[in-house]
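For the sequence shown, position 2 matches number 2 in full-length UniProt numbering, and the numbering has no gaps at all.
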Amino acid sequence: MTKPPSGVRRPTTQSAKRKPVVLMSMGAQERHGHPYQVMTVKYIRPLIEHAGCVPVLAPTCFGTQDIEQYLSMVDGVYLTGAGTNIDPALYGQPNLTPEKAQDKDRDLFDLPTIRMALAMGLPLLGVCRGMQEMNVAFGGDIHQQLYTIPKLKDHREDPAAPVSEQYAASHKVRLVPGTWFAGLMQQDEIAVNSLHGQCIKTLGHGLQALAHAEDGVIEAIHLPEFAQFTLGVQWHPEWMAAQNPHSIRLFEAFGAACRARQCARWSGSEHVL
Numbered sequence: 001m002t003k004p005p006s007g008v009r010r011p012t013t014q015s016a017k018r019k020p021v022v023l024m025s026m027g028a029q030e031r032h033g034h035p036y037q038v039m040t041v042k043y044i045r046p047l048i049e050h051a052g053c054v055p056v057l058a059p060t061c062f063g064t065q066d067i068e069q070y071l072s073m074v075d076g077v078y079l080t081g082a083g084t085n086i087d088p089a090l091y092g093q094p095n096l097t098p099e100k101a102q103d104k105d106r107d108l109f110d111l112p113t114i115r116m117a118l119a120m121g122l123p124l125l126g127v128c129r130g131m132q133e134m135n136v137a138f139g140g141d142i143h144q145q146l147y148t149i150p151k152l153k154d155h156r157e158d159p160a161a162p163v164s165e166q167y168a169a170s171h172k173v174r175l176v177p178g179t180w181f182a183g184l185m186q187q188d189e190i191a192v193n194s195l196h197g198q199c200i201k202t203l204g205h206g207l208q209a210l211a212h213a214e215d216g217v218i219e220a221i222h223l224p225e226f227a228q229f230t231l232g233v234q235w236h237p238e239w240m241a242a243q244n245p246h247s248i249r250l251f252e253a254f255g256a257a258c259r260a261r262q263c264a265r266w267s268g269s270e271h272v273l
């Protein structure tokens, strides 16, 4: 059998069957006086069931010194929503929502993770807070109280409603015509849920909008300067994803990108195919 070129490793039968590995950063939560690092099952489920990937959960409370090692182990990065806001000092604003919890350890972990992952060619998916992190990582900023801005709707859920009602579709988003994302969704308008009190104000460097709510709020973004899959969405596609064809397409596309990255790694080529 002809040997592979120097530096190129052929996948073994075992490695060829391995699923792509995806990094998910956890968030802080206090329970009965004890600090926890947590990740909600609803975010993990579609990564396993529809993207076909294996999650690696990274604690964010021990600093940033191991980010590069984490990223060397994975084939993609998936940044989820959370019950916390990004520290406004990171985008040059005073804190207008002091009553809302923050998670500064996650902020300081995720922002460099985003930049480093993209530089390494890793696919990136951000949901809700994760999308906002993508924006802040590239110099963008946030409307901290979008519900107070004239002509913008209140995009928050009713905290007194059952969870099934909070996550039900509540408005439509218009996808930018002719984009890969509109093609992926197979239509130019889709109905989404809405559970956020903050939104993108100014897009960061290199970011482009892929979808807008009816009031103009940016609902999806990507980084077209990077060859690999990059997507951030403001809604929650992970909720009951198996019952939503748009969510299934989204997670399947992310999984396909992670598999392409995995194949490139095993073949010795680090660029994304």
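For glycine and all other residues, C-beta sits at the position ideal for the given N, C-alpha and C.
*May I ask you to verify whether the region 229 to 236 touches the region 193 to 213, counting CB pairs closer than 8 Å and requiring at least 3?*
Touching, yes, given that three or more Cβ pairs across the two stretches are closer than 8 Å.
*Kindly list the residues whose CB is nearer than 7 Å to the CB of residue 274, restricted to its own chain and excluding five residues on each side of it in sequence; keep chain order.*
Given that the chain is displayed from residue 1 to residue 273, the structure contains no residue 274 and the question cannot be resolved.
*Delimiting residues of the beta strand (DSSP E) encompassing Ala213*: Gln208 to Ala213
*How big is the Cα-Cα spacing for Trp235 and Leu118?*
22 Å
*From which residue to which residue does the alpha helix (DSSP H) around Gly232 run?*
Run containing Gly232: none in the alpha helix (DSSP H); it sits in the beta strand (DSSP E), Thr230 to Val233.
*Kindly indicate which three-state DSSP category Tyr147 falls into: helix, strand or coil?*
Shown here, Tyr147 sits in a helix according to DSSP, grouped into three states.
*Met131 (DSSP reduced to helix, strand or coil)*: helix
_Where residue 279 falls: helix, strand or coil (DSSP)_ = Nothing in the structure corresponds to residue 279, since the chain is present only between 1 and 273.
*Classify Ala211 as buried or exposed, calling it buried when 16 or more other Cβ atoms lie within 10 Å of its own Cβ.*
When all chains shown are included, Ala211 counts as buried.
*Using beta-carbon positions only, say whether Thr84 and Asp66 come within less than 8 Å of one another.*
no
_According to DSSP, simplified to helix, strand and coil, what is Cys199?_
strand
*Nonlocal neighbours in the same chain, by C-beta distance under 6 Å from Asp154, ignoring five residues either side*: Tyr147
*Taking Cβ to Cβ, would you say Cys258 is nearer than 8 Å to Ala51?*
yes
_Short of 8 Å in beta carbon distance, which residues of its chain neighbour Gln14, apart from the five on each side in sequence? Order them along the chain._
Low confidence applies to Gln14: its pLDDT is 45, below 50, so where it sits in the model is not reliable, and the reading given next is rough at best. If we look at Gln14 and ignore the five residues flanking it on each side, it has no Cβ neighbours.
*Provide the residue span of the alpha helix (DSSP H) that contains Val38, from first to last.*
Note, Val38: premise wrong, no alpha helix (DSSP H); beta strand (DSSP E) at His34 to Val38.
*Quick one: give me the first and last residue of the alpha helix (DSSP H) that Leu71 is part of.*
Ile67 to Ser72
*Determine the burial state of Ser247: buried for a count of at least 16 other Cβ atoms within 10 Å of its Cβ, exposed for fewer.*
buried
*Inter-residue CB distance, Leu122 and Tyr78 (contact presumed, cutoff 8 Å)*: Incorrect: roughly 10 Å between the Cβ atoms, too far for contact.
_From the DSSP secondary-structure annotation, give me the bridge partner or partners of Asn85._
Gln102
*asked:* So, under 8 Å CB-CB, Glu214 and His171 are touching, yes? Tell me the CB distance rounded to an integer number of Å.
replied: 6 Å
*Should the region 83 to 102 be regarded as contacting the region 152 to 169, the criterion being three or more beta carbon pairs within less than 8 Å?*
no
*Can you give me the start and stop residues for the alpha helix (DSSP H) that Pro245 sits inside?*
Pro245 to Ser267
*CB-CB length for Ile142 against Ile86, believed under 8 Å*: The Cβ separation is near 7 Å, so the contact holds.
*Does the separation of the CB atoms of Asp105 and Ala28 fall below 8 Å?*
yes
*Run through DSSP, which three-state label would Gln186 get?*
coil
*Arg174 - partner residues in DSSP beta bridges*: When DSSP reads this structure, Arg174 sits in a beta bridge with Glu189 and His212.
*Spatial neighbours of Ala89 within its chain, please: CB distance less than 8 Å, with the 5 preceding and 5 following residues excluded, ordered by chain position.*
Asn95
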